[in-house]
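Numbering (the working numbering), first residue to last: 41 to 187. C-beta atoms are modelled at their ideal positions from N, C-alpha and C, and glycine is treated no differently. Have a look at the structure below before the remarks.
As structure tokens, this is what we get:
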């Protein structure tokens, strides 16, 4: 009986169990609402992540990076400009309101060092999630030129 119990304990101790753990990939950065889409977009800008930025910038037809509307080279140039203009240390969403065509308009205060600039972002609901469609660069132009 003792040998059986010891054998059972050894067998149990040597058994491996596997558990499925979902893995996040770059393409699974899914924003279920307008605010999470804006958060992901601004996070990508702050971390200078072109892939994440491309995944969160789009319109009602989906991510701009997945469309054939502009070349890959042009996409990267535009993403680098977005990263420059909307560069920030922190941000606060001041207002979130409905806009034309089922879009959302979010007013955001971007802070870079001691500078604060307020600008608007338009967000569109795509086929399976929300995307940042555009941002007003006029109020934040000087954030791009300051180091």
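Should residue i be labelled buried (16 or more other beta-carbon atoms within 10 Å of its own) or exposed?
i           : result
residue 64  : Reliability fails at residue 64, whose pLDDT of 38 lies under 50, so the model's placement of it is uncertain and the value that follows must be treated cautiously. That one is exposed.
residue 84  : buried
residue 143 : buried
residue 96  : buried
residue 99  : buried
Looking at residue j and residue i, is the spacing between their C-beta atoms short of 8 Å?
i           : j           : result
residue 114 : residue 90  : no
residue 161 : residue 78  : yes
residue 164 : residue 173 : yes
With DSSP run on the structure shown, which of helix, strand or coil describes residue i?
i           : result
residue 152 : strand
residue 130 : strand
residue 100 : coil
residue 106 : helix
residue 177 : coil
residue 88  : coil
Beta carbon of residue i: closer than 7 Å to some heavy atom of the ligand HEM?
i           : result
residue 149 : This structure does not include the ligand HEM; it has no bound ligands of any sort.
Since residue i and residue j should fall inside the 8 Å C-beta cutoff, what is the C-beta to C-beta distance between them, to a whole number of angstroms?
i           : j           : result
residue 125 : residue 184 : 5 Å
residue 108 : residue 127 : Not really, about 29 Å apart at Cβ, beyond 8 Å.
Mind checking if residue i is an interface residue toward chain B, Cβ cutoff 8 Å exclusive?
i           : result
residue 102 : Of the protein chains in this structure there is only one, and it is not chain B.
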